[in-house]
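**Student:**
Residue numbers (the working numbering), protein chains in the order written: chain A, 834 to 968; chain B, 834 to 968; chain C, 834 to 968; chain D, 834 to 968.
(1) Just to confirm my understanding: we take residue 915(A), look at its own chain, exclude 5 residues before and 5 after, and list those with CB closer than 6 Å. What are they?
(2) Would you call the segment 853 to 861 of chain A in contact with the segment 876 to 893 of chain D, where contact means no fewer than 3 C-beta pairs closer than 8 Å?
(3) Which residues of the segment 891 to 904 of chain B have a Cβ closer than 9 Å to any Cβ of chain A? Give them in chain order.
(4) For the 8 Å Cβ check, are there 3 or more pairs between the segment 902 to 909 of chain A and the segment 842 to 849 of chain A?
(5) Within 8 Å (strictly less), CB to CB, does residue 850(D) reach chain A?
(6) Taking just the CA atoms, how far does residue 860(D) sit from residue 958(B)?
(7) Using a Cβ-Cβ cut-off of less than 9 Å, list which residues of the segment 855 to 883 of chain C approach chain A; keep chain order.
(8) Decide if residue 930(A) is buried, meaning its Cβ has at least 16 other Cβ atoms within 10 Å, or exposed.
(9) Over the uninterrupted alpha helix (DSSP H) stretch that includes residue 883(D), give me the two end residues.
(10) Going by other Cβ atoms of all chains shown within 10 Å of its Cβ, with 16 needed for buried, is residue 848(A) buried or exposed?
(11) Given a cut-off of 8 Å, decide if residue 956(D) and residue 985(D) are closer than it, judged by their beta-carbon atoms.
(12) Round the Cβ separation of residue 894(A) and residue 834(A) to the nearest angstrom and send it over; I've been treating them as touching at under 8 Å.
(13) Going along the chain, which residues of its own chain have a beta-carbon closer than 8 Å to the beta-carbon of residue 970(C), five neighbours each way excluded?
(14) Below 8 Å on C-beta distance, what does residue 889(B) contact in chain A?
(15) Run through DSSP, which three-state label would residue 959(C) get?
(16) Using DSSP bridges, identify the partner residues of residue 952(A).
(17) Under 8 Å between C-beta atoms, does residue 928(C) make it to chain B?
(18) Give the residues of chain D in contact with residue 845(B), contact being defined as C-beta atoms less than 7 Å apart.
(19) Using 8 Å for Cβ pairs, my map puts residue 920(A) next to residue 891(A). What's the rounded Cβ distance?
(20) Since residue 928(C) is in the alpha helix (DSSP H), which residue starts that stretch and which ends it?
(21) Just to confirm, are residue 952(C) and residue 851(D) a CB contact at a threshold of 8 Å?
(22) So, is residue 927(C) buried or exposed, given that buried needs 16 or more other C-beta atoms within 10 angstroms?
(23) So, for residue 899(D): in the same chain, excluding its five sequence neighbours on each side, which residues have a beta-carbon less than 7 Å away from its beta-carbon?
(24) Under three-state DSSP, which class holds residue 841(C)?
(25) Can you tell which of 950(B), 961(B) and 946(B) has the C-alpha that lies nearest to the C-alpha of residue 884(B)?
(26) Report the rounded CA-to-CA distance for residue 940(C) versus residue 924(C), giving the unit in angstroms.
(27) Could you tell me the alpha carbon to alpha carbon distance between residue 871(A) and residue 943(A), rounded to whole angstroms?
(28) Check for me: the alpha helix (DSSP H) holding residue 859(D) runs from which residue to which?
(29) Bridge partners for residue 897(D) per DSSP, in chain order?
(30) Assuming residue 896(B) and residue 837(B) are in contact, meaning their beta carbons sit under 8 Å apart, how far apart are those beta carbons, in whole angstroms?
(31) Could you check the C-alpha separation between residue 910(B) and residue 864(B) for me, to the nearest Å?
Dropping the structure here:
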């Protein structure tokens, strides 16, 4: 399984009055992690969009174990799980500075044509890159 | 099952360059929906916190079917599903102005003591209110 | 001077660990206020964009007096101040439920062509509507 | 004048349907910049809060020249401008990867007691550090 990690520091704006990083922010953190994971494989999401393919999320699930706190540096580990014709799946784990697991989750994304907004096949160049990872 | 609906309009800030309401915003929308659902039952989350009980999210899952667009008025329907000693579960469905289902999901929240940060029993006054709903 | 008010409730996600509504959220609140102000005059920002005119902000200033707190219902009063060929200016005041002034500010926005991204004249239909307001 | 720069990459969540980084996000970016600027001087905002001193913003002003786009790496240069008994002022400039100035602005923050929520003098240890910078 291909894995890649990014580091992110919790911003003050991302805390809530509970003193925790708001639970809704991890959708953003996971997004940053998967974009950088693709980038590490030579795949630019920005260029994918420029070529007319969007990658909206169809499923998102997350389980929270411990909160992240202000100014902590988090490590988001992203794992490429699966590629089907229309969909791509990633798993995520968030760790704090003491390597404690704070939460884990997964997202499934769909390849969509920018104009028609209908599902399209994963571009061949990406498919080739990702399929080789698993062999 | 007790249900309550809130209406929310998609803000410009909440759109992304795909032209959709960003997938991460629904954590906020669902939160607004469950807070208003509790309020409709006479339960103030604000007062619960003032009395020393926090209600962080332990599980969040969402499935996206159709995107919400800028300036659309969404209806978030929240359903109270289950209360155990330490946890409370809600389901959600988001509809657009044409009553099309855009997404659905669920959250589980844990009753936590503000000082010790440890799970505590659901306050009796809330338990009484919620258990009566189901009978 | 034309004025219009909107009401907004502070979301949990919008609080920070200081226990205040995060100072950066007012850019969103002011945006909601000016969009609804234009709507009250029969001007849809959504349709303006569909017709190829964007309205990005060129100047934003805000002075904070008192914080807004979680679950408070705020009133944002928006005042149409000025229209020049390329720019439109609004002033804002935020009040809490006790009618205390929490903050005030202003934004200037520029009419921009969606394709060329260059400043364009304010569409005549909007100019006519707004100029009549001041007479 | 003491200056410090931080680098930030525009997240997808931070774009809007105009295809720009939403104008309201810079409040966050500036906050990250000033926190790291203080940190570079040995001043931890997190510890300041732990010791009972909050630093809310009293004034924020920003002028936008060019938009930031998705996935661009921005440089936020933060300049310590002024310290009075109760207030501290910073200026900011945001540059894109081609060193073009995208926006500039300033914030004034007030030293506030966490319990009384009233203005307090800047802690002496911070005052000593900052005053030496200017000599």
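Note that CB positions come from ideal geometry on N, CA and C, so glycine has one too. The structure presented is a predicted model; accordingly, all values stated were derived computationally and were not measured.
**Tutor:** Taking the coordinates as given:
(1) One-based indexing of the first chain puts residue 915(A) at position 82. Excluding residues within five positions, the ones whose Cβ falls inside 6 Å are 922.
(2) no
(3) 891, 892, 893, 894, 895, 896, 897, 898 and 900
(4) yes
(5) Indexing the fourth chain from 1 puts residue 850(D) at position 17. Output row for residue 850(D): interface = no.
(6) Position 125 of the second chain holds residue 958(B). Position 27 of the fourth chain holds residue 860(D). Looking at the two C-alpha atoms, the distance is approximately 41 Å.
(7) 855, 856, 857 and 858
(8) Taking the first chain and counting its residues from 1, the one referred to as residue 930(A) is at position 97. Under this definition residue 930(A) is an exposed residue.
(9) Your numbering for residue 883(D) matches position 50 in the fourth chain. Taken as a continuous stretch (DSSP letters only), the alpha helix (DSSP H) holding residue 883(D) covers 878 to 883.
(10) Within the first chain, the letter at position 15 stands for residue 848(A). Classification of residue 848(A): buried, given that the 10 Å Cβ count is 16 or more.
(11) There is no way to answer for residue 985(D), as the model of chain D reaches only from 834 to 968.
(12) The count along the first chain starts at 1 and reaches residue 894(A) at position 61. The count along the first chain starts at 1 and reaches residue 834(A) at position 1. With a Cβ gap of about 18 Å, residue 894(A) and residue 834(A) do not count as contacting.
(13) What is shown of chain C runs 834 to 968, which leaves residue 970(C) out entirely.
(14) One-based indexing of the second chain puts residue 889(B) at position 56. Within 8 Å Cβ-Cβ: 851, 853, 856, 897 and 900.
(15) Counted from its first residue, the third chain places residue 959(C) at position 126. Residue 959(C) falls in the helix class under three-state DSSP.
(16) What you label residue 952(A) is simply residue 119 of the first chain in a count that begins at 1. According to DSSP, residue 952(A) bridges with 945(A).
(17) For this step, residue 928(C) is matched to residue 95 along the third chain. No, residue 928(C) does not count as interfacial toward chain B.
(18) For the purposes of this step, residue 845(B) is identified with residue 12 of the second chain, where counting begins at 1. Near residue 845(B) (Cβ distances below 7 Å), the residues of chain D are 849.
(19) Along the first chain, one-based indexing puts residue 920(A) at 87. Along the first chain, one-based indexing puts residue 891(A) at 58. Correct: roughly 7 Å between the Cβ atoms.
(20) Taking the first residue of the third chain as 1, we reach residue 928(C) at position 95. First-last for residue 928(C): 920 to 928, but that is the beta strand (DSSP E), not the alpha helix (DSSP H).
(21) Start at 1 with the first residue of the third chain, and residue 952(C) comes out as number 119. Start at 1 with the first residue of the fourth chain, and residue 851(D) comes out as number 18. No.
(22) Counting from one through the third chain, the residue named residue 927(C) turns up at place 94. With 16 or more other Cβ atoms within 10 Å, it is buried.
(23) Locating residue 899(D) in the fourth chain gives position 66, where the first residue counts as 1. So the list reads 933 and 935, once near-sequence residues are dropped.
(24) As a working note, residue 841(C) is residue 8 in the third chain. It is a strand residue.
(25) As a working mapping, residue 884(B) is identified with position 51 in the second chain. Selected option, being the one with the closest Cα: 946(B).
(26) On the third chain, position 107 is the one that residue 940(C) refers to. On the third chain, position 91 is the one that residue 924(C) refers to. The straight-line gap from Cα to Cα measures roughly 7 Å.
(27) Taking the first chain and counting its residues from 1, the one referred to as residue 871(A) is at position 38. Taking the first chain and counting its residues from 1, the one referred to as residue 943(A) is at position 110. The alpha-carbon atoms of residue 871(A) and residue 943(A) are separated by roughly 15 Å.
(28) Translated into positions along the fourth chain, residue 859(D) becomes position 26. Here the alpha helix (DSSP H) through residue 859(D) covers 859 to 873.
(29) In the fourth chain, the residue the question calls residue 897(D) occupies position 64. Paired residue(s): 936(D).
(30) Locating residue 896(B) in the second chain gives position 63, counting from the first residue. Locating residue 837(B) in the second chain gives position 4, counting from the first residue. In fact, because the Cβ distance is near 21 Å, the residues do not count as touching under 8 Å.
(31) By one-based count along the second chain, residue 910(B) stands at place 77. By one-based count along the second chain, residue 864(B) stands at place 31. Near 11 Å, if we compare the C-alpha coordinates of residue 864(B) and residue 910(B).
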